[in-house]
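Here's the structure, in structure tokens; my notes come after.
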Amino acid sequence: MEFLYSYEDLTVGRRCLRQLRQRLDSRSGLRRPVGPQDFLEYPSGSAATHQFLERYRLEQAYIRAFSAEVPDSEIIFPGSMACVMEQSPCDLEDILALSRRALEDFSEKRIPALVNGFFRCGNRLIRIDRLLRNPDGMIILELAKSASKIKDGYVREAGWNLQGLESLGVRPDEISVLLLNRDRSGSDEPFYRPMRQKRRHKFIRQDADGELQGILQALDADELPSCGSEYCDLCSDDQPKANDWGSIHNLHKSGGLSRKLSEQGILWVDELDQVKSPLREKLKAQHWIQHRVEKTGEEHIDVTALRRFLEGLEWPLYFIDFECFLEALPSWSGVGIWEHAPFLYSLYRMDRTLTVTRLDHYYMPPGEDRRREMAAQLIRDIGKSGSVLVYGIHFERAVISRLAASLADLAPKLEAVIERLVDLQTPFAEFAYYHPHQSGKISLKILLPILTEHDYDSSRVSSGSDAFVGYYYLMHPELLVESEWDPYASQVRRDPGGFAREVVEYCDTDAYGLAFLIKALMQKAGLS
Numbered sequence: 072m073e074f075l076y077s078y079e080d081l082t083v084g085r086r087c088l089r090q091l092r093q094r095l096d097s098r099s100g101l102r103r104p105v106g107p108q109d110f111l112e113y114p115s116g117s118a119a120t121h122q123f124l125e126r127y128r129l130e131q132a133y134i135r136a137f138s139a140e141v142p143d144s145e146i147i148f149p150g151s152m153a154c155v156m157e158q159s160p161c162d163l164e165d166i167l168a169l170s171r172r173a174l175e176d177f178s179e180k181r182i183p184a185l186v187n188g189f190f191r192c193g194n195r196l197i198r199i200d201r202l203l204r205n206p207d208g209m210i211i212l213e214l215a216k217s218a219s220k221i222k223d224g225y226v227r228e229a230g231w232n233l234q235g236l237e238s239l240g241v242r243p244d245e246i247s248v249l250l251l252n253r254d255r256s257g258s259d260e261p262f263y264r265p266m267r268q269k270r271r272h273k274f275i276r277q278d279a280d281g282e283l284q285g286i287l288q289a290l291d292a293d294e295l296p297s298c299g300s301e302y303c304d305l306c307s308d309d310q311p312k313a314n315d316w317g318s319i320h321n322l323h324k325s326g327g328l329s330r331k332l333s334e335q336g337i338l339w340v341d342e343l344d345q346v347k348s349p350l351r352e353k354l355k356a357q358h359w360i361q362h363r364v365e366k367t368g369e370e371h372i373d374v375t376a377l378r379r380f381l382e383g384l385e386w387p388l389y390f391i392d393f394e395c396f397l398e399a400l401p402s403w404s405g406v407g408i409w410e411h412a413p414f415l416y417s418l419y420r421m422d423r424t425l426t427v428t429r430l431d432h433y434y435m436p437p438g439e440d441r442r443r444e445m446a447a448q449l450i451r452d453i454g455k456s457g458s459v460l461v462y463g464i465h466f467e468r469a470v471i472s473r474l475a476a477s478l479a480d481l482a483p484k485l486e487a488v489i490e491r492l493v494d495l496q497t498p499f500a501e502f503a504y505y506h507p508h509q510s511g512k513i514s515l516k517i518l519l520p521i522l523t524e525h526d527y528d529s530s531r532v533s534s535g536s537d538a539f540v541g542y543y544y545l546m547h548p549e550l551l552v553e554s555e556w557d558p559y560a561s562q563v564r565r566d567p568g569g570f571a572r573e574v575v576e577y578c579d580t581d582a583y584g585l586a587f588l589i590k591a592l593m594q595k596a597g598l599s
């Protein structure tokens, strides 16, 4: 079979030619027939594996929905993700033959729709999620996606598929990208919504063949250029590394400003006084504080701002942290698309003597929706008065708000808790306190060991990502996770009790860490 290039190949080539060469070499070196599964990008690490598994779950949900909507649809094969997850690899030549026959049947109006088709268009491979004819006889091309918002890449892919179909003699009247429906309120409502794409869109009209040929010609070079990304395994060694203690790349919330400064020759934060206009006008007050601290090596303390924040708190103080998981298609009713659903909280209390008391935690066994029990216990434990401190108020506020929205009888008491929330991140975000070892960062994991004697241990659960992905793996034991994708999955599944203990310890550290930050800030402000 001639070598075929997919839209995924084109995407990888735009991102990094070295990655594309590695991808094509891997596919050409296969000792078995190439299948649809060989055109996927396989995951590496917990976050990518979680996304990969959700794509599989969505692929199956789309197929079920398509079959229900148009019962006589021809499902050509179970899907690329299914070939991997169900360990039943398919031969691409067989799929191409089945797709060709289905397209003939569709063109002759013998079937109303075809699903999961692969077609050869010269040296290009196009994958069709669904091609159907509506009651008015219009032909509609659909792309099924796992996001809830349109992206340029989706429109590019629509153009790739449209041009491919037209080369085969099929001209769709409409093109739609199917996006997840964030407004879905019940399982009886569609989980996706179509978004029609205009044929005159620049990405649909672009020369897909010409772009592919240009990338393939660039691959002929003996030495491929670096993509310039510090996150690329093949190119990151070519990039200057951000120094933890002063690199301009660690300028606080600078966005693209740090790159522009480096282009101007400013490589270190302590060189900011050499910045010229117009970049100089883009520097913020926090940047100058960071600059001064880098120059002197001494911490910055705005006593007035710290006292204003601390004296505004209402005693007793409560400290809470939630751990959540998220899915494209929620397992629990009342949970939205890609919504953070809580499975654990830890709660601590501090009185005016600065005594810290652990009130309780609530951990839901994986797969059991006990949000009502969780909310009721939280209401009992957190009292009716006193500031409730969190780190990054938007997250905790959203979690409690969603609990209130799904538990109408408990909503007034949960909303009262929301009114008491105070963001402990505020004095750090405003640089009322800044230490040279922060290196432009204000995360709890950076600040806790700087300001207190407490730190995160080296257990398996050492980040919010570890927490939610580990819980997700236990929620879905039926999903295959290869060890080369993420060995963490087998560790968690072998010892779910150990994971439960460790995730509670991690959540505890986040919660009581806030209490010790308060003590440290009070000392810095001269209030203790």
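The sequence shown runs 72 to 599 under the numbering used here. Beta carbons: idealized from backbone N, C-alpha and C, even for Gly.
Ranked by how close their Cα comes to the Cα of residue 589, the residues 494, 107, 578 have 494 in first place.
A Cβ-Cβ contact shorter than 8 Å links residue 216 with residue 249. Looking at the backbone, the Cα of residue 540 and that of residue 412 are separated by about 13 Å. Fewer than three Cβ pairs drawn from the segment 497-505 and the segment 415-435 lie within less than 8 Å of each other, which leaves the two stretches out of contact. Counting C-beta pairs closer than 8 Å gives fewer than three between the segment 261-271 and the segment 284-295, which falls short of the contact rule. Here the C-alpha atom of residue 229 lies approximately 6 Å from the C-alpha atom of residue 275.
In the DSSP assignment, residue 146 forms a beta bridge with 186.
Judged by DSSP secondary structure, residue 95 falls outside any beta strand (DSSP E) and instead within the alpha helix (DSSP H) spanning 88-99. Just so you know, the alpha carbons of residue 324 and residue 466 end up roughly 19 Å apart.
As computed with DSSP, residue 419 is found in a beta bridge with 390, 429.
Checking the DSSP bridge columns, you'll see residue 76 partnered with 195.
For the set 108, 99, 118, the Cα lying nearest the Cα of residue 157 is the one of 108. Spanning the alpha carbons of residue 298 and residue 306 requires a straight line of approximately 6 Å. In the three-state reduction of the DSSP assignment, residue 399 falls in the coil class.
Counting only runs of 3 or more residues that sit fully inside the segment 323-389, no beta strand (DSSP E) segment turns up.
Between residue 492 and residue 473, the gap from beta carbon to beta carbon reaches 8 Å or more.
About 7 Å separates the CB atoms of residue 236 and residue 212; that is less than 8 Å, so the two are in contact. Assignment of beta-bridge partners to residue 494 by DSSP yields 461. Between residue 490 and the set 471, 479, 507, the nearest pair of CA atoms involves 471. Comparing alpha-carbon positions, the option among 357, 352, 361, 348 lying closest to residue 339 turns out to be 361. For residue 290, the secondary structure class from DSSP, reduced to helix, strand or coil, is coil. For residue 321 and residue 366, the gap between their C-alpha atoms comes out near 15 Å. For the pair residue 481 and residue 487, the CB atoms are not nearer than the 8 Å cut-off. The segment 134-153 and the segment 184-203 touch, with three or more beta-carbon pairs separated by less than 8 Å. When the Cα atoms are used, residue 533 and residue 343 turn out to be separated by approximately 34 Å.
Residue 440 and residue 152 have their C-alpha atoms roughly 28 Å apart. Restricting attention to 407, 390, 388, the CA atom closest to the CA of residue 396 is found in 407. The straight-line gap separating the alpha-carbon atoms of residue 373 and residue 457 is approximately 25 Å. Residue 512 and residue 519 have their C-alpha atoms some 12 Å from each other. Counted as a single uninterrupted DSSP element, the beta strand (DSSP E) harbouring residue 248 occupies residues 245-251.
The Cβ-Cβ distance between residue 575 and residue 415 falls below 8 Å. Here the alpha carbon of residue 405 sits roughly 12 Å from the alpha carbon of residue 253. Distance from the CA of residue 171 to the CA of residue 131, rounded to the nearest whole angstrom, comes to 22 Å. In the three-state reduction of the DSSP assignment, residue 218 falls in the coil class, being assigned neither a helical nor a strand state.
Given a length threshold of 4 residues, each whole run of the alpha helix (DSSP H) inside the segment 544-568 is given here in chain order: 559-565. Assigned with DSSP and collapsed to three states, residue 466 falls in helix.
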